[in-house]
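These notes are about the structure you will find just below.
Numbering (the UniProt record's numbering), first residue to last: 1 to 74.
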């Protein structure tokens, strides 16, 4: 997948870990499967902007902050 998708996946995984959330806990909170989140974090699937917004809300991350971090992600 493209660089933006890879950066998004990496940053979501990093943010989840920084917030101390497990895949199990986040999947229950979002009512999605753990497998889905694993696929997102490993960049195996693309997500919609709606899904990204839900993930950011669950991780308590402002959209503008996420985009700033995304721009600076290596």
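Beta carbons: idealized from backbone N, C-alpha and C, even for Gly.
- According to the DSSP assignment, residue 53 belongs to the alpha helix (DSSP H) that extends over 49-58.
- In this chain, the alpha helix (DSSP H) harbouring residue 9 covers 3-18.
- Sorting 16, 50, 68 and 4 by C-alpha distance to the C-alpha of residue 38 places 16 at the top.
- If you check the CB distance, residue 19 and residue 59 come in under 8 angstroms.
- Residue 72 and residue 46 have their C-alpha atoms some 21 angstroms from each other.
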